[in-house]
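Residue numbers (my numbering): 202 to 496.
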């Protein structure tokens, strides 16, 4: 046991010194990582910057071990998350390498001390910490887009009805918005400027966003274009349908919350209240506990 602890401590110290040396070394970095590090805190934090520098040497090995299919799945999730903090597939592999090593070494150390629960938590940290950040960013980004989209369509309909073409109106309104939906629109407009057809650009917009409302917007827009429907009426109808869908989803969530709240009250609050009332009534009778216990 002592030998194992000494070995783990030695590996930890060696890993720290090696990490510091890699951080200070003038290593050749990929272009996406170099850009993120130059931009600084606007795209990535100090901790992530250090982790990326340390783990980038091992990122190719991690990605090869994952296999092409899983790497494509990770790339898809990163796109859905909107590349939070400048995250790329290479930086994902770097973070998996660093966090995996930290979680694995820490878990082995705690396991040797007999702390099974802490060891399991450290192993889970090494395996899933990077994934947790991506899934959280996907959920937040999706909620922001779905909150912004109906109001954006209303403003776009007003601008189009004022006489601007759809392409110019889309550019004008996108400049007035901030957040993930505005970023997605700018990407779509840039693709159209590079020669991509409007239909293909909006198909890419739907692919990059795992949102029913975005899919509804793209589908209705393309159908209206094919059928020759007025664009203003189409935009207003899409916005109204989205608000109706939001109201239905809100009512559905509220209906699901009622049984959960009832279960919590029934299983926790009611028994606790009964115990409190029973104890109060029992103590209020003035019963001599000494006579009951025989003391």
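Just so it is clear, CB atoms sit at the ideal spot from N, CA and C, and this is done for glycine as well.
None of these values were measured; they are calculated from a predicted model.
Within the same chain, Cβ atoms closer than 6 Å to the Cβ of residue 383 are found at 375, the five residues on either side in sequence being excluded. Contact annotation: the stretch 319-339 does not touch the stretch 354-364, with fewer than three C-beta pairs closer than 8 Å. Leaving aside the five residues that flank residue 290 on each side, the residues in its chain whose CB is nearer than 8 Å to its CB run, in chain order, 264, 272, 275, 276, 279.
Residue burial is scored here from C-beta neighbours: residue 413 has fewer than 16 other C-beta atoms within 10 angstroms and is therefore classed as exposed.
Under the DSSP assignment, residue 464 falls in the alpha helix (DSSP H) whose first and last residues are 432-465.
Remark: C-beta atoms of residue 252 and residue 295 approach each other more closely than 8 Å. The shortest C-alpha to C-alpha distance from residue 293 to any of 429, 393, 332, 391 is the one to 332. Taken atom to atom, the span from the alpha-carbon of residue 467 to that of residue 475 is near 11 Å.
Taking 8 Å as the cut-off, the Cβ atoms of residue 351 and residue 453 do not count as close. Around the C-beta of residue 250, 16 or more other C-beta atoms lie within 10 Å, and the residue is accordingly described as buried. If you ignore the 5 residues before and after residue 312, its C-beta comes within less than 7 Å of the C-beta of 320, all in its own chain and listed in chain order.
The Cβ-Cβ distance between residue 439 and residue 421 falls below 8 Å. In the three-state DSSP reduction, residue 420 falls in the helix class (H, G or I).
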